[in-house]
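Undergrad: Quick one: the structure is below, questions incoming.
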Amino acid sequence: MKQLKKEKRIKMRFQRISNFTQQYRSDSTWFSLTLSVSVASMNSIKLQTSDQPYYLNYRTRNRGKDWLSYVLSTSTADFAGWKGYPVTALEIQMFNSSGKRLFEKYIVMYRAKVAGDWLSWVSNASLDIMEEIQYEQSLGGSLDGASTFSGWESKGDIQAIDIRIYKDNGTTTGEIFPPNVDFTQQYRTNTTWMNLTSAVTVASLNSIRLQSRNKPFYLKYRTRNRGKGLLPLY
């Protein structure tokens, strides 16, 4: 089969940022917090993001202590936790350098391991953005778009933490084929399928169908329908 010339390489929408420091304290000693870390329990968390266009406002809930006060990642001395009392939950908020709370542009995705299992990802972002990041970045696990913290005290103490920060660059570009590559596009309004062309303008449509049979590529696509959120990929 003749290969079509591609004109542009893939540029991901979400850029992972790794320029922040993560530490945990077990007993009296501080250690680097990495994905390889899994301990019986940790009593404190320290996150540092000095000289960045964002900062983290975070806190822990420790067994027997309820939620502790928020601390800032811009401090080199502050940490969240209480020596001798295991962390049971972690909450992270994001702000820009002007002090405005962020729900987009800079996104934190994080989850905790409790009783040997990873809990769902939680985030400062909306569920649809979380879903886009999970798909684009190939993140495993499930998503929780409702919770504001990660942890499950009744099941046990936090044994590990996975924190990932992304910058939303706003656009995604892929490998582009020449414009003469055709494929079938249809839309459905009510129960009738119609051809989808640039001349089509309707009040609303409930379904899209794209077909690229016998082509050297295929499309994976989905829609978000009112009241339904993002539907599964096909």
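If you want my numbering, it's the position in the sequence shown, counting the first as 1, plus 362.
Beta carbons are placed, not taken as given, at the ideal position from N, Cα and C, and that holds for glycine.
These numbers were taken from a predicted model, which means no experiment stands behind them.
1. For F393, count neighbouring Cβ atoms within 10 angstroms of its own Cβ and tell me buried if that reaches 16, exposed if not.
2. For the putative contact between D530 and F376, defined by C-beta atoms under 8 Å, what is the C-beta separation to the nearest angstrom?
3. Excluding the 5 residues preceding and the 5 following K408 in the sequence, name in chain order all residues of the same chain whose CB lies nearer than 6 Å to its CB.
4. Taking only three categories from DSSP, how would you classify L418?
5. Can you give the Cα-Cα distance for P415 and I379, rounded to whole angstroms?
6. Evaluate K590 with the Cβ neighbour count: other Cβ atoms within 10 Å of its Cβ, from every protein chain shown; 16 or more gives buried, anything less gives exposed.
7. With a threshold of 6 Å on Cβ separation, who are the neighbours of F382 within its own chain once the five nearest residues in sequence on each side are excluded?
8. For V449, count the other beta carbons within 10 Å of its own beta carbon; 16 or more makes it buried, fewer makes it exposed. Which is it?
9. Are Q573 and T554 touching if we call contact CB-CB under 8 Å?
10. Does DSSP put L397 in a helix, a strand or coil?
11. How close, in whole Å, do the beta carbons of S482 and L505 come, if the pair is a contact with beta carbons under 8 Å?
12. Take K611 as the anchor and find which of D413, V433, K445 has the nearest alpha-carbon.
13. Output the boundary residues of the alpha helix (DSSP H) element that contains D490.
14. Tell me the rounded alpha-carbon separation between M556 and Y549.
15. With DSSP run on the structure shown, which of helix, strand or coil describes V382?
16. Just verifying my parser: in three-state terms, what is the DSSP assignment at S504?
17. Counting along the chain, where does the beta strand (DSSP E) carrying E453 start and finish?
18. Over the uninterrupted beta strand (DSSP E) stretch that includes S566, give me the two end residues.
19. Between the beta-carbon of Y432 and the beta-carbon of F457, is there less than 8 Å?
20. If we call anything under 8 Å between Cβ atoms a contact, is A597 one with S388?
21. By the DSSP assignment, the beta strand (DSSP E) with D530 in it spans what residues?
22. Under the DSSP definition of a beta bridge, which residues are partnered with T391?
23. When every heavy atom of the ligand NAD is checked, does at least one fall within less than 7 Å of the C-beta of L418?
TA: So, from the listed chains and residues:
1. Residue 393 sits at position 31 when you count from the first residue of the sequence shown. So F393 ends up on the exposed side.
2. Indexing the sequence shown from 1 puts residue 530 at position 168. Indexing the sequence shown from 1 puts residue 376 at position 14. Yes, they are in contact, since the Cβ atoms of D530 and F376 sit about 6 Å apart, within 8 Å.
3. In the sequence shown, counting from the first residue as 1, residue 408 sits at position 46. Q385, F441, listed in sequence order.
4. Position 56 of the sequence shown, counting from 1, holds the residue named residue 418. Looking at L418 - three-state DSSP - the assignment turns out to be strand.
5. Numbered from 1 along the sequence shown, position 53 holds the residue referred to as residue 415. Numbered from 1 along the sequence shown, position 17 holds the residue referred to as residue 379. Roughly 12 Å separates the two Cα atoms.
6. Against the sequence shown, residue 590 aligns to sequence position 228. Around the C-beta of K590, fewer than 16 other C-beta atoms lie within 10 Å, and the residue is accordingly described as exposed.
7. Counting from 1 along the sequence shown, the entry for residue 382 is found at position 20. Closer than 6 Å at Cβ, skipping near neighbours: T411.
8. Taking the sequence shown and counting its residues from 1, one reaches residue 449 at position 87. The residue is buried, with at least 16 neighbouring Cβ atoms inside 10 Å.
9. Within the sequence shown, numbered from 1, the residue matching residue 573 stands at position 211. Within the sequence shown, numbered from 1, the residue matching residue 554 stands at position 192. No. Outside cutoff.
10. Counting from 1 along the sequence shown, the entry for residue 397 is found at position 35. Here DSSP, grouped into helix, strand and coil, assigns L397 to coil.
11. Sequence index remark: in the sequence shown, residue 482 carries index 120 (1-based). Sequence index remark: in the sequence shown, residue 505 carries index 143 (1-based). About 6 Å separates the two Cβ atoms, so the contact holds.
12. In the structure as shown, the chain begins at 363 and stops at 596. Residue 611 is therefore absent and cannot be evaluated.
13. By 1-based counting over the sequence shown, the position of residue 490 is 128. Note, D490: alpha helix (DSSP H), 489 to 499.
14. Reading the sequence shown from its first residue, position 194 is the one you call residue 556. Reading the sequence shown from its first residue, position 187 is the one you call residue 549. Roughly 5 Å separates the two Cα atoms.
15. Within the sequence shown, the letter at position 20 stands for residue 382. The residue asked about is misnamed: residue 382 is Phe in this sequence, not Val. Coil, per DSSP.
16. The residue labelled residue 504 in the question sits at position 142 within the sequence shown. Coil at S504, not helix or strand.
17. Indexing the sequence shown from 1 puts residue 453 at position 91. Its beta strand (DSSP E) spans residues 449 to 458.
18. Within the sequence shown, the letter at position 204 stands for residue 566. It is not in any beta strand (DSSP E) - S566 carries neither H nor E in the DSSP assignment.
19. Indexing the sequence shown from 1 puts residue 432 at position 70. Indexing the sequence shown from 1 puts residue 457 at position 95. Result no, Cβ atoms of Y432 and F457 do not sit closer than 8 Å.
20. The chain is shown only over 363 to 596; residue 597 falls outside these bounds and no answer can be derived.
21. Position 168 of the sequence shown holds residue 530. That run of the beta strand (DSSP E) goes 520 to 530.
22. In the sequence shown, the residue the question calls residue 391 occupies position 29. Note: T391 sits in a beta bridge opposite S388.
23. What this structure holds is no ligand at all, so the ligand NAD is not there to describe.
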